[in-house]
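S.K.:
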Amino acid sequence: MKRNPLIPFALIAALGIAVMLIISLKGAKQADEIANGDKKPAQTASTKPDEIYAQTCVSCHGDQLQGVVGPNLTKVGSRYSEDQIKDILKNGKQGGMPAGLLQGPQLDAVAKWLSEKK
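For the sequence shown, this note's numbering gives the first residue as 63, with consecutive numbering after it.
(1) Use the C-beta contact count for I147: other C-beta atoms within 10 angstroms, 16 or more gives buried, fewer gives exposed.
(2) Quick one: Cα of S23 to Cα of A75, how far?
(3) Measure the C-alpha to C-alpha separation of L83 and D94 and round it to an integer number of angstroms.
(4) Using 10 angstroms around the beta-carbon of L135, count the other beta-carbons present and answer buried if the total reaches 16, otherwise exposed.
(5) Find out if the Cβ-Cβ distance for the pair P111, L163 is shorter than 9 Å.
(6) Over what stretch of residues does the alpha helix (DSSP H) that includes N153 continue unbroken?
(7) With DSSP as the reference, identify every bridge partner of M159, one or two as the case may be.
(8) Just how far apart, CA to CA, sit G132 and K91?
(9) When you compare only the Cα positions, how much space is there between D125 and L73?
(10) In angstroms, rounded to a whole number, what distance separates the CA positions of Q165 and A116?
(11) Closer than 6 Å by C-beta to A171: which residues in its own chain qualify, once you throw out the five before and the five after it? Chain order, please.
(12) For I69 and K88, I'd like the C-alpha separation in whole angstroms.
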């Protein structure tokens, strides 16, 4: 009994086409939902200053505020007021501190938290 050697290849091709159709239909449905505004609301950003710091600042200022590439922040509250810290976080500072990393309630929370570091 001889088997046709093309049957396994035909089955694999049919399976591949079916998977491509399923994925493309799912993607088309998601595109329609996004276009119609039916997508789920985005998660609100955290306003816990230590979490914000861990996500945004730790790579330059270190996990203990000790400074790595950026300056040491352990006693930043004794050098700058809360408003000055807000200004630096919002507008950056010459020498490597980029502007606009934090905004709104996150900016306020981190500025207050850092101003208490004395």
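Positions of the beta carbon are idealized from the N, C-alpha and C atoms, including for glycine. Keep in mind that this is a model prediction, so the values were computed, not measured.
M.R.: Answer, in terms of the structure:
(1) buried
(2) Beyond the ends of the chain as shown, which are 63 and 180, falls residue 23; an answer cannot be given.
(3) 16 Å
(4) buried
(5) no
(6) E144 to N153
(7) K155
(8) 45 Å
(9) 54 Å
(10) 16 Å
(11) T109 and P111
(12) 29 Å
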